[in-house]
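Down below is the structure, laid out as structure tokens.
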Amino acid sequence: MGLTVAYLAGGRIRLKSGDQPPRLIESPYAKGVHERAVRSQQRHAWKSESGGGGFLGGPMIWGKSATDGPAPILTTSLARGAGPGQLIYSLASGSLSAVCESDGLGAEERRLWNDNNRKIEHLHSCPAHGDLVFSVRHANGTANIGIMFKGEPGISEVTEGDSVDTAPAWVPGNPRRVVYQSAGVGRNEQGHFMALGPFSVQLLEVDSAEMTTLLEDPQADYLSPRMLEDGTLYFIRRPHREHAKVKPLRVLKDTLLLPFRLLFAVFQFFNFFSMRYTGRKLSTPPGTPKRDVPMEQMMIWGNLISAQAAGGEEAADLVPSSWQLIRQRPDSGEEVLAKGVLAYDLGADGTIAYSNGNAVFIRRPDGKTDRLLTERLIEQVALVEG
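The sequence shown runs 12 to 397 under our numbering.
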């Protein structure tokens, strides 16, 4: 059948197998939840139509009024499973979060976990025993590394602190070690979120909770780490833009515009998540017909990336060429494998699938690279074992 690649674009999973065109992988669990929400909305619609039939003018379903209809359920992360043809993915809508696993390249699905308080993202399955590692995002903006042991109920958070710990991955050959990226949260005197520090790469010994810093640089972010059994480390490196050269005139201008930029930033932050989980903007210009707006932005490691950045060119990079995929072997220096990389995955034979946000590329073990497909706003890719 050839190479099989799953990818996440616009909150939906698609699968590309061999020479066949990509096909959509739908979640029966998500479909069932959405259908129940629609039926509930229909049952309670008379309350809002009659005017004041419920609290605040009508019931709220999935964070929206009954007249708006239920919010869509979107896939927030994707990875290959431990077995052949398996996929694991996380779902979210409003306060709901769930983790599902499918067999047969989407033919069968099992719900592994669901919760109304914690958001799970950036899943990774251990190929040896099927345990899952992931990030757990909290309402205060922090995120911890969590683990779901196969066959056991519930999840365990294994990191803590005022930081964003995410993008974890098991280390092959040692099923109790995890690499992940971590950034400290900067807050003001009132405790409000201000900024993220540079992302570093951490190695976690799960049993002892011992952590070792593998990569750290105040001028750079190290993202999406993967470590092989022999210690070879893969990661995406990008400049940490908080440390630009100070220019007095720019500082004065930024100081004067700070209140307006803060208000705009707060609005854009909530507007993005409204688009992400409801499909609607927070505000609509006067006279605009009421309709769903297609999602044209995505949040990647603290950066709001817009599809317009592509400039209309097919398969143009959504991220700068300074986002580099690096391989660092234990006995040699760094090697740049690709530029303009937003996400990637490693195959057992050394094949690498990566995306620039508008296309998926395949880098063979011999270094030859081909473009596999093009599509807008590709967030994650996964090489699926046959």
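Cβ atoms here follow ideal geometry from the backbone N, Cα and C, with glycine treated the same way. Note that this is a predicted model, so its numbers are computed, not measured.
With 16 or more other CB atoms across the displayed protein chains lying within 10 angstroms of its CB, R374 is buried. Under DSSP, the beta-bridge partners assigned to Y233 are R248. Distance between S104 and A82, taken at the CA atoms: about 7 Å. The distance from the Cβ of L353 to that of S366 is about 5 Å, consistent with a contact at the 8 Å cut-off. A check of alpha carbon separations from G378 across A393, L384, D360, E386 identifies D360 as the nearest.
Per DSSP, reduced to three states, the secondary structure at P186 is strand. In this structure, L329 sits near G368, with a CB-CB distance shorter than 7 Å. Looking from the CA of L107, the closest CA among R129, L383, A90, L89 belongs to R129. Contact annotation: the region 177 to 189 touches the region 209 to 220, with at least three C-beta pairs closer than 8 Å. Bridge partners of G195 according to DSSP: S174. CA-CA distance, G195 to S211, rounds to 9 Å. By the Cβ test, the region 327 to 343 is in contact with the region 242 to 250, since at least three Cβ pairs between them sit closer than 8 Å. Excluding residues up to 5 positions away in sequence, K161, P186 lie with their Cβ nearer than 7 Å to the Cβ of H140 in the same chain. The alpha carbon of R387 has as its nearest neighbour, out of R23, L14, V16, T15, the alpha carbon of R23. The beta-carbon distance between P236 and A180, rounded to whole angstroms, is 7 Å. This is short enough to meet the 8 Å contact definition. With fewer than 16 neighbouring CB atoms inside 10 Å of its own CB, V49 falls in the exposed class.
For H149, the secondary structure class from DSSP, reduced to helix, strand or coil, is coil. For R340, there is no enclosing beta strand (DSSP E), as DSSP marks it with neither H nor E. Between E390 and L19, the gap from beta carbon to beta carbon is short of 7 Å.
Counting C-beta atoms within 10 angstroms of its own C-beta, M159 has 16 or more neighbours from the protein chains shown and is therefore classed as buried. Annotation: D218 is outside any beta strand (DSSP E) and is labelled neither H nor E by DSSP. Taking 7 Å as the cut-off, the Cβ atoms of E120 and S88 do not count as close.
Here R121 carries a strand assignment [DSSP, helix/strand/coil]. In this structure, L134 keeps its C-beta atom at 7 Å or more from the C-beta atom of L123.
Distance check between E396 and each of G92, G117, M205, Y40 places G92 closest, using alpha-carbon atoms only.
Per DSSP, G157 is one residue of the beta strand (DSSP E) stretching across 154 to 159. The Cβ atoms of A17 and L85 lie no closer than 7 Å to each other. Counting along the chain, H135 sits inside the beta strand (DSSP E) bounded by residues 130 to 136. Short of 8 Å from the beta carbon of R198, and not among the five residues preceding or following it, lie these beta carbons of its own chain, in chain order: D173, F204, M205. Counting only unbroken stretches of 3 or more residues, the beta strand (DSSP E) elements lying wholly within the region 324 to 390 are 335 to 339, 345 to 350, 354 to 357, 363 to 366, 370 to 374, 380 to 385, in sequence order. Inclusion of H149 and P209 in the CB contact set at 7 Å is not warranted, their separation being larger than that value. CA-CA distance, T380 to T362, rounds to 10 Å.
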